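Counting in the working numbering, the sequence shown runs from 2 upward without gaps. See below for the structure under consideration.
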Amino acid sequence: MIKPIPYGRQHISDLDIQAVIETLQSDFLTQGPKIAEFEEKFASYIGSRYAVAVSNGTAALHLSMMALGVDDETNVIVSPITFAADGNGVRYCGGNVYFADIDPETYNIDINSVKNLIESMPEGFFSGIVVVDFAGRPMELDILRALTEENDMWIVEDACHAPGGHFFDINEKRHNCGSGYFAELAVFSFHPVKHIATGEGGMITTNNTQLYEKLKLLRTHGITKDPAIMDQNHGGWYYEMIELGYNYRMPDIQAALGISQLSVADANMQRRQELARRYNKAFENTPIKAPKVMTNGLHAYHLYVIQVENRKGLYDHLHANQIYAQVHYVPMHLMPYYKNLGFKEGDYPVSEAYYNKCLSLPMYASLTDEQQDYVIEKVLEFV
Ligand SMILES: *Cc1c(COP(=O)(O)O)cnc(C)c1O
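This is the structure we're talking about:
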């Protein structure tokens, strides 16, 4: 069956199902050996020193902000064109969100806009920045890092769109998205539309030992059984709650699925690259603006976002043909919640212009050539 075609979806193999069944038959449904194995394998795939599995990507952002000490006096820069969780993580901790506009070609946060924002405020005003590798296009973190270092700011990389992506820095050195070389912390999501699916699920990667220890504590109520950091010790049963943490654990059932999914991540990435090349070719010399091809790295193509004049018309035409294209994203500063905090239309013109024309076409590893040809046919028929 070629229809319906969503914009993204999971692919669950027999091996995935087998891995979950084996865990269901084991002694551990949560907090068992699969979590540690998934963390180790994910860290090795990404090239970071540590990985901490959590219940979802939003929890990963919340814990990241907590671990970095965000509170109601903390000001953080975020892109308006990303999923709402990037700003919300800051807000959960009481921090203040400031937006900087995006780059009109890459759709990532624009470093000049970040620089201008920093310079418009007193020295030391901003503590950090959350940047997204938008649609899977790696943010050039070496350039951002130079700016944040000057201003004593941390970086959290939202790499939810980009596991498997990489870029080359100005010295031609390769950096995987989420590797922790430039950013203090990076977050990932395993929601079914992302590269790796566990149902709900998330991961935080880092190279920083202190942050790693803190994240592990916060993920499970702030409770420890480690005698080295406890005030007292009454015996084998004893534990202490030393921080106000949460239950943000990932179950072993899901970690087993994640391990299995990770084993085919490279093959799936190749398929996404192939699909992107086929779309790019089909849209040459048409009114469709395809995503800018990356020459200094690997775009992970979580999304394939086009820009088109009559976006609503094309969206409706595709939906009428059971092609469920989507819009990523409605700018965050235009959400009623953020408008109530003082943001308004016109604040970030590049983001708003992007939003008016953007459309995400179907992009996932199990999309067949036949399905993609049908999508292309329907797009070109309309434009
Ligand atoms: C999916 C996503 C999140 C949130 O992840 P959940 O697992 O759904 O909580 C955060 N940021 C971006 C960019 C995402 O795409």
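Don't be surprised by glycine CBs; every beta carbon is placed ideally from N, CA and C. Quick caveat: nothing in here was measured; it's all calculated off a predicted structure.
Asked, Found
"Whole alpha helix (DSSP H) elements within the stretch 18 to 76, 4-residue minimum", "34 to 47 and 58 to 68"
"Start and end residues, beta strand (DSSP E) containing residue 270", "No beta strand (DSSP E) holds residue 270; the alpha helix (DSSP H) holding it covers 266 to 284."
"beta-carbon residue 201 near ligand 1 non-hydrogen atom, thresh 7 Å", "yes"
"Cut-off 7 Å between Cβ atoms - residues of its own chain near residue 323, not counting five sequence neighbours on either side", "4, 5 and 6"
"Contact set for residue 38: own chain, Cβ-Cβ below 8 Å, skip 5 residues either direction", "256 and 260"
"Per-residue burial, residue 25 [other beta carbons within 10 Å of its own, 16 or more giving buried]", "exposed"
"Residues near residue 298 by beta carbon distance below 6 Å, same chain, minus five either side", "139, 167, 168 and 169"
"Presumed contact (8 Å Cβ cut-off) between residue 61 and residue 52, rounded CB distance", "Going by Cβ atoms, the distance from residue 61 to residue 52 rounds to 10 Å, so no, they are not a contact pair."
"Closest Cα partner of residue 129 within the set 158, 197 and 265", "158"
"heavy atom of ligand 1 below 7 Å from residue 183 C-beta", "no"
"Residue range of the alpha helix (DSSP H) that includes residue 188", "Note, residue 188: premise wrong, no alpha helix (DSSP H); beta strand (DSSP E) at 186 to 190."
"Contacts around residue 344, its chain only, beta-carbon distance under 6 Å, and the 5 residues preceding and following it disregarded", "334"
"Assigned secondary structure, residue 290 (DSSP; H/G/I helix, E/B strand, else coil)", "strand"
"Whole-angstrom C-beta distance between residue 375 and residue 108, which should lie under 8 Å", "About 26 Å; that fails the 8 Å criterion."
"Sequence ranges, alpha helix (DSSP H) only - wholly within the stretch 305 to 376, length at least 4", "312 to 321, 337 to 340 and 350 to 358"
"Test: residue 135 CB closer than 8 Å to a CB of chain B", "Absent here is chain B; the protein component of the structure consists of one chain."
"Near ligand 3: residue 24 beta-carbon under 7 Å from a heavy atom", "This structure lacks ligand 3; the ligands present are ligand 1."
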